[in-house]
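Colleague: Each number in our numbering corresponds to the 1-based position in the sequence shown with 1337 added.
Backbone N, C-alpha and C fix where the C-beta goes; we use that ideal spot for every residue, glycine too.
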Amino acid sequence: MPAALPESPRQLRWMLARKLSAAAIVIGIVAGGTSYLLETRRVEQAALEHATKGAQHFDSSTIQTILDAKVTGKHGALNRLLDRSRFVGIRVFGPDKALLYETWEDIPPALMNAARSWQHDWPGQGQRHRNWINVGTERLIQVALPMFGKDGSLAGYLECIDRLDEQTLRAQREQIRNGALTAAVSVLVAALLLYPLLLAMLHRSAGLSRRLLESNLSLMHSLGNAIAKRDSDTDTHNYRVTFYAVALAEAMGLPKHDISDLVAGAFLHDVGKIGIPDRILLKPGKLTVDEFAIMKTHALLGIEIVADNPWLGGAALTIRHHHERFDGTGYPDGLRGNTIPRIARIFAIVDVFDALTSERPYKKPMALADALAIIERDSVGHFDPEVFAAFKTIAPGLYARAVQAGDADLRQGMREVLSRYFKTEMAR
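#1: Report, in whole angstroms, the separation of the C-beta atoms of A1644 and L1605, which I expect to be a contact under 8 Å.
#2: Closest by CA to T1320, which one among P1533, N1468, Y1494 and A1588?
#3: Can you have a look at D1488 and say buried or exposed, based on whether 16 or more other CB atoms are within 10 angstroms of its CB?
#4: Comparing the C-beta of V1472 with each C-beta of chain C, is any distance below 8 Å?
#5: Taking 8 Å as the threshold (C-beta atoms), are V1600 and Y1736 in contact?
#6: Quick check on the DSSP output: the alpha helix (DSSP H) that includes T1578 runs from which residue to which?
#7: Return helix, strand or coil for R1752, following the three-state DSSP convention.
#8: L1290 to E1753, Cα distance in whole Å?
#9: With 16 as the cutoff for other CB atoms within 10 Å, does S1695 come out buried or exposed?
#10: Rounded to whole angstroms, what is the Cα-Cα separation between R1350 and L1530?
#11: Our contact map puts A1361 next to A1492 with C-beta atoms below 8 Å; I'd like the distance itself, whole angstroms only.
#12: Take every Cβ of the region 1672-1679, pair it with every Cβ of the region 1707-1718, and state whether three or more of those distances are shorter than 8 Å.
#13: Quick one: complete alpha helix (DSSP H) runs, 4+ long, within the region 1705-1741?
#14: When the distance is taken between beta carbons, is V1687 closer than 8 Å to V1608?
#15: The beta strand (DSSP E) with D1607 in it runs from where to where?
#16: Evaluate contact between the region 1678-1687 and the region 1619-1630, counting only Cβ atoms and requiring at least three cross-stretch pairs below 8 Å.
#17: Do E1496 and Q1512 have their C-beta atoms closer together than 8 Å?
#18: Rounding to the nearest angstrom, what Cα-Cα distance links D1715 and L1585 in this structure?
#19: Which of the three DSSP states, helix, strand or coil, is assigned to K1700?
#20: Taking only the alpha-carbon atoms, compute the straight-line gap between E1641 and R1657 and give it to the nearest angstrom.
#21: Look at the alpha carbon of H1719 and the alpha carbon of A1739, and state the distance between them as a whole number of angstroms.
#22: If you check the beta carbons only, do I1470 and A1447 fall under 8 Å apart?
#23: Are T1655 and A1726 close, meaning C-beta to C-beta below 8 Å?
#24: Skipping 5 residues on each side, what residues in its chain have a beta carbon closer than 7 Å to that of G1370?
#25: Using a 10 Å radius around the Cβ and a threshold of 16 neighbouring Cβ atoms, would you call K1623 buried or exposed?
#26: Provide the residue(s) that pair with N1468 in DSSP beta bridges, ordered along the chain.
Right, dumping it as structure tokens:
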């Protein structure tokens, strides 16, 4: 989802610094994780190499004879292997996976029992299995590999248990910390060097985005005013209905993106009337059935006008559906109830309210109470009763402000609405 660009140079600098710092932290975490994986792999590989060298000791004919004889108990060669290695335990299994020999350094019984009870897969030819065993704060590496006789037959299995001493663990932690710090510091140094360039680019991007937004708003403003001038010789209708619609939407708690769509729709709701002939659009009397059928096409004509402008796409729901009725008898789609977009249901009420309470060449303005009475009477079929209930509460205050406001006040109010709901945007 797009995010609004900062509105001040200070906000822009803070945003850039925040994003660069976040990048440094993320890269530091990734580097730390990578260091952990590499260091863990190094320790595992060292244990595998020790175990492989130890297995070579059991290729001798003497050990092979002992294995074949299934002699149990302690074995001097096994003890010597343990003495020459850094392993804390060595276990030898026969081809039937029965334990033949084991010898251990002087280690806590809990570590010995954990290694003995750990169930692992039995490796096949060319395979080596390893497991990490955590016992409290202690870490063991268990390595299992097969042993083969001179004739190539399986002679048994060798299991070696390595204990990571405090020095190894400390080195591992230092490696991880150094990797993370090096990466984070590198990113921060690079960020400091690139900061002025990135800031200048963001300033330029923000400026271009704001100018583009201003151009789009100007287009919306001009297009809405053009049809308003043609229809009623004044553009204040657009300002008032937008003022009413935004206030009602805010009172109902609509999200900002819906209100921005409503603002665009309020300004352009009748843009399709550009395609209606003057003899019908400006006719002072009642329209005939055929004339009204042509007049109703302005909703779809309006959609065609804004269809090729993605920025004006948010106005489409209001343009198309502001003449729908809650009972399904409206046009152009005959939508009913809550299937009518909420912003269109909101605009339908304020559009009729302004038409009733404002002066037109062919009529005098209606009093507030009379206008609300008519809308309330029609709320059963024409309008959404829930939306009308919300509007009825705020209508007196809105009407009083609108009546007292001159053209300059309405335009200033419109600028405030546009500033509140239309921001230049950038990708997150």
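Modeller: With the structure as the only source:
#1: With a Cβ gap of about 12 Å, A1644 and L1605 do not count as contacting.
#2: Only positions 1338 to 1765 of the chain appear in this structure, which leaves residue 1320 out of reach.
#3: exposed
#4: Absent from the structure: chain C. Only one protein chain is present.
#5: Against a cut-off of 8 Å, the Cβ pair of V1600 and Y1736 comes out as no contact.
#6: Checking the sequence shown, residue 1578 turns out to be Val, not Thr. Per DSSP, V1578 belongs to the alpha helix (DSSP H) from T1573 to A1588.
#7: helix
#8: There is no way to answer for residue 1290, as the model of the chain reaches only from 1338 to 1765.
#9: Buried.
#10: 15 Å
#11: With a Cβ gap of about 55 Å, A1361 and A1492 do not count as contacting.
#12: no
#13: 1705-1715 and 1722-1741
#14: Not a contact, by the Cβ cut-off of 8 Å.
#15: That residue, D1607, is in no beta strand (DSSP E); it is neither H nor E in DSSP.
#16: no
#17: no
#18: Per the coordinates, the alpha-carbon of D1715 lies some 18 Å from the alpha-carbon of L1585.
#19: strand
#20: 10 Å
#21: 25 Å
#22: In this structure, A1447 does not lie closer than 8 Å to I1470 by Cβ.
#23: Cβ distance not < 8 Å, so T1655 and A1726 don't count as in contact.
#24: none
#25: exposed
#26: Q1479
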